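Engineer: Just so you know, the sequences run in chain order A and B.
Using my numbering, the first residue of the first sequence is number 173, and each one after it goes up by one.
Using my numbering, the first residue of the second sequence is number 125, and each one after it goes up by one.
The beta carbon of each residue, even a glycine, is placed where N, CA and C say it ideally should be.
These numbers come from a predicted model, not from an experiment.
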Amino acid sequence: MATIELQKVEKRFGDFQAVKPMDLTIHDGEFVVLLGPSGCGKTTTLRMISGLEAVTSGTILLDGRNVTWLHPSERDIAFVFQLYALYPHISVRDNIAFPLRAQGESKETIEKRVKEVVDLLQIGHLLDARPGKLSGGDQQRVALARALVRRPAAFLMDEPLGALDADFRESMRAEIKQLHIDQHATTVYVTHDQVEAMAMGDRIVVMSDAEIQQIGTPSEVYYKPANVFVARFIGSPGMNLARGHYSEGRVRLKGQNNVYAVPDDWQQALGKALGGSGDVLVGFRPEAARISADGPIAGEVYATELQGAYVMLYININEDEIIHIRAERIHQHQIGDTVRFDIDPRMVRFFDPASERAITREAAQ
Amino acid sequence: MSVQANAPRLSSQERARRRYLTDRAIVNLFIWPTLILLIAINLFPLFYSLYLGFTDYSAIARQVPVWVGFKNFSDILNDQQMWKYFATTGKYALASVGLQTLLGFALAMLVREKFRGSGLLTTLILIPMMISPVVVGLFWKLMYNPTFGFFNYLLGFTNPSTGPDMLASRFAGKVVPNLALWAVVLVDVWMWSPFVMLLVLSGLKAIPDYLYEAAAIDRASSWFQFWRITLPQVAPLLLIAVLFRTIEAFKAFDLVMGMTGGGPGDQTELIAVNLYRQAFLGQWRTGRASALAYIVLIIIIAVSNLYIRYLNKMRGES
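1. Just mark LYS214(A) as buried or exposed, buried being the case when its beta carbon has 16 or more other beta carbons within 10 Å.
2. Between MET519(A) and ARG498(A), how many whole angstroms is the CB-CB distance? I'm expecting something under 8 Å.
3. CA-CA distance, ARG273(A) and PRO260(A)?
4. Using C-beta distances below 8 Å, list every residue in its chain close to GLN402(B), excluding the 5 sequence neighbours before and after it, in chain order.
5. How many Å lie between ASP437(A) and ASP451(A) at the Cα?
6. Looking only at its own chain, which residues have a Cβ that is under 6 Å from the Cβ of GLU177(A), when we skip the five neighbours before and after it?
7. Does any residue of chain B have a CB that is nearer than 8 Å to the CB of HIS243(A)?
8. In terms of alpha-carbon separation, which member of GLY334(A), LYS396(A), GLU202(A) lies closest to GLU368(A)?
9. Please report whether the beta-carbon of SER278(A) lies at a distance below 8 Å from any beta-carbon of chain B.
10. Within 8 Å, do at least three Cβ pairs link the stretch 251-269 of chain A to the stretch 310-325 of chain A?
11. Report the option in ASP381(A), ARG219(A), MET411(A), PHE203(A) whose CA atom is closest to the CA atom of ALA340(B).
12. Where PHE368(B) and PRO169(B) are concerned, what is the direct C-alpha to C-alpha distance, given to the nearest angstrom?
13. When you compare the CB positions of PHE171(B) and ILE419(B), do they come within less than 8 Å of one another, or not?
14. Can you tell which of VAL454(A), VAL378(A), ALA338(A) has the C-alpha that lies nearest to the C-alpha of ASP514(A)?
15. To the nearest angstrom, how far is it from the Cα of PHE272(B) to the Cα of TRP314(B)?
16. Along the stretch 508-533 of chain A, where does the CB come closer than 8 Å to a CB of chain B? Name the residues.
17. Exposed or buried, what is PHE350(B) when buried is set at 16 or more other beta-carbons lying within 10 Å of its beta-carbon?
18. Report yes or no: do the stretch 372-385 of chain B and the stretch 259-273 of chain B share at least 3 C-beta pairs separated by less than 8 Å?
19. Is MET125(B) helix, strand or coil when you go by DSSP?
20. Go ahead and pull the three-state DSSP assignment for LEU398(B).
21. Using the Cβ count rule (16 or more neighbours within 10 Å means buried), how would you classify PRO209(A)?
22. Distance check for VAL309(B) and ALA219(B), CA to CA, integer angstroms please.
23. Quick one: Cα of GLY447(A) to Cα of LYS426(A), how far?
24. Indicate whether at least one CB of chain A lies closer than 8 Å to the CB of ASP342(B).
25. Within 10 angstroms of the Cβ of GLY471(A), are there 16 or more other Cβ atoms? Answer buried if so, exposed if not.
26. From this set, ILE395(B), LEU159(B), VAL221(B), ILE165(B), which residue's C-alpha is nearest ASP203(B)'s C-alpha?
27. Determine the extent of the beta strand (DSSP E) in which ASP451(A) is found, giving its start and end residues.
28. Going by Cα to Cα distance, which pick from ASP390(B), LEU279(B), ALA338(B), ARG433(B) is closest to GLN205(B)?
29. Can you pull the chain B residues whose beta carbon is under 7 Å from the beta carbon of TYR259(A), in chain order?
30. For the beta strand (DSSP E) containing HIS496(A), list its first residue and its last residue.
31. Can you name the residues of chain B whose CB is closer than 7 Å to the CB of PRO271(A)?
32. Within 10 angstroms of the Cβ of MET125(B), are there 16 or more other Cβ atoms? Answer buried if so, exposed if not.
33. 8 Å is my cut-off, CB to CB: does LEU224(A) come that close to chain B?
34. Restricting to Cα atoms, I'd like to know which of GLU477(A), GLU491(A), GLN439(A) is closest to PRO517(A).
35. Secondary structure at GLY273(B), three-state DSSP: helix, strand or coil?
36. Between ARG501(A) and ALA465(A), what straight-line distance do the alpha-carbon atoms span, to the nearest angstrom?
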């Protein structure tokens, strides 16, 4: 198993900056998810770790060993491709045995190790088929088996579930997570699906515009987003960000006569960050809003969506500012109704609209 | 509608005739001339020569074909000389197809890599294939000439009495058996390796990059990648190239005729050359030659079938 360390790793394709210099340490046995919208550089980062893509500058350490300029085959890592990349002309058995044969392992060793992973992934019945005859999920299982059979220092996975059907993805997600718990292998997993990232990652690296936006546990990136991008990107829908002006412990929201009293423990931080007073974004998750007749913020119901256990309300609190509120099903809200709500003081967050960075209480101390 | 209005007025007779020009009639109009041509110059000779193969007949004799049954076939198959020609043809096919395959594959691997001028190089390599075989034969005949030919000069033999005379199967005056046959093989390889290259190249380009990426991750050496990925992936196209070349090698005529005419002695007397000799050059044994042509045809069909079976087997598995 291994620690992976990226130091100022950067990738440029001509004039295009695919990955801005980034630092990242992935600990031994950790499951780290690189999450971001397409084109954010997450796959390029993964390919640089694997050696399939050369770095433009920077250093990659694997267990303290500098592997920056080593060929993929010299790095002792396994890579699971989005489209499986199985060898189409040989059987599943030969696909799984391929990395061992390439290493010139003995027949007995190959047979033993193949049997181990095949039992682990329960794909014994597929061994004699050609990959092309298998379903997407089975192909990905075979690809995982081919990666596992090597017993590599680390696993790199590039959207391994991206090509699967939605309901199937969930069960494969659990399989991969279970596999990681069993094997305790360092894993770097790339996805654009934040639900997948939240479900699987020990830590999530949120990327956008070729750079890291935040590194944290799923709960950290969800409850304490480092900036506006992360706040909006994580969660579906993302965090509500209401524009307002802060002064003397209150935020006057844009538009209507909505005045939000800032919780006491936030006032010092806001005062310090904004220099007494200034524009601010009030951030809160849909589930942090509490509907009540005497709530300080009012808005008009713009649309409602029944989500099964709850109703998602689209509330217009300003001419062009729609926020989402999770409401219980028993409350009946008609479009056009006025709704008043308060925000759970433990779940409110503030952002500086100029820098788009989160304002934190820690920084104020 | 306006088109109709502006159309010249047709007499009822003309209109009737046009109506008869149905789609079916147009199809027939286009197809029959070609079909007639094919029947006249392909199908008829094919079946007529089959008939002639069972007769005693000479195209220049004022005599109708006389039915002799399988006599021509048994004569040919009992003729030691004919077996020798078959053997020569087999040797020629094996050597030239084998070398073309190796060289063509190597060239394809070379020009597959993108480097400065690789496109131009590919085009240049393809040139020999585009020249008429008779011209190629004449060129090489001149190049092989021991006195003023370029070939010996390149090998470093400037004195004709100490160097090889390829087409005469001699080296410094001494007889070297089969040298002329190898000289013809060399030219055929020069001419047709590009063909193998072309087919293999298209096969190579169709191999997706991710297979090599997966192989790199799986720690496969270049050698291992070649044997386990590249070769199996291009095998179907390679086999088609080999099939085409094998068929051509069994029919090889123009190049050999142009260069050696079967000589020296009968060292390069390939079966097609001998067929031509029996059919036309002084002998005019049309019946026997027809029988021989059919024997060659059967051999080619048999060999092709072996290839095609193997090819289908390979395809069925992948």
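Structural biologist: Looking at the coordinates:
1. Classification of LYS214(A): buried, given that the 10 Å Cβ count is 16 or more.
2. By a beta-carbon distance limit of 8 Å, MET519(A) does not contact ARG498(A). Their separation comes to about 12 Å.
3. The alpha-carbon atoms of ARG273(A) and PRO260(A) are separated by roughly 17 Å.
4. The answer, listed in chain order, is ARG409, ARG412, ALA413, LEU416.
5. Rounded to the nearest angstrom, the two C-alpha atoms are 19 Å apart.
6. So the qualifying residues of the chain are THR197, LEU233.
7. Chain B contact via Cβ: present.
8. Per the C-alpha coordinates, the member of GLY334(A), LYS396(A), GLU202(A) positioned closest to GLU368(A) is GLY334(A).
9. It does not; no Cβ of chain B falls within 8 Å.
10. Output reads yes: the stretch 251-269 of chain A touches the stretch 310-325 of chain A.
11. By alpha-carbon distance to ALA340(B), the top candidate from ASP381(A), ARG219(A), MET411(A), PHE203(A) is ARG219(A).
12. In this model, PHE368(B) and PRO169(B) are separated by some 23 Å (Cα to Cα).
13. Contact: no.
14. If we check each option's Cα against that of ASP514(A), VAL454(A) comes out closest.
15. Whole-angstrom Cα-Cα distance: 21 Å.
16. Residues of the stretch 508-533 of chain A whose Cβ lies closer than 8 Å to any Cβ of chain B: none.
17. Under the 10 Å beta carbon count, PHE350(B) is surrounded by fewer than 16 other beta carbons and is classified as exposed.
18. Taking 8 Å as the limit for Cβ pairs, the verdict is that the stretch 259-273 of chain B does touch the stretch 372-385 of chain B.
19. At MET125(B), the pLDDT of 41 sits below 50, so the modelled position is not reliable and the matter cannot be decided from this model.
20. With the sequence shown as reference, residue 398(B) is identified as Asn, and Leu is not the correct amino acid for it. Helix at ASN398(B).
21. Exposed.
22. Between ALA219(B) and VAL309(B), the C-alpha separation is close to 7 Å.
23. Near 20 Å, if we compare the C-alpha coordinates of LYS426(A) and GLY447(A).
24. At least one chain A Cβ lies under 8 Å of ASP342(B).
25. Under a 10 Å Cβ-count criterion, GLY471(A) is classified as buried, with 16 or more other Cβ atoms of the shown protein chains found around its own Cβ.
26. Nearest C-alpha to ASP203(B) among ILE395(B), LEU159(B), VAL221(B), ILE165(B): ILE395(B).
27. 449-456 is the extent of the beta strand (DSSP E) around ASP451(A).
28. For the residues ASP390(B), LEU279(B), ALA338(B), ARG433(B), the minimum Cα distance to GLN205(B) belongs to ASP390(B).
29. Simply LEU335, ILE353.
30. Following the DSSP letters along the chain, one finds HIS496(A) inside the beta strand (DSSP E) bounded by residues 493-500.
31. In chain order: ASP342, ARG343.
32. For MET125(B), the pLDDT reaches just 41, beneath the cut-off of 50, and the residue's location in the model is therefore unreliable, although a value from the coordinates is still provided. Around the beta-carbon of MET125(B), fewer than 16 other beta-carbon atoms lie within 10 Å, marking it exposed.
33. The beta carbon of LEU224(A) sits closer than 8 Å to some beta carbon of chain B.
34. Out of GLU477(A), GLU491(A), GLN439(A), GLN439(A) has the C-alpha closest to the C-alpha of PRO517(A).
35. Reduced to three states, the DSSP call for GLY273(B) is coil.
36. Across the structure, ARG501(A) and ALA465(A) are spaced so that their CA atoms are roughly 17 Å apart.
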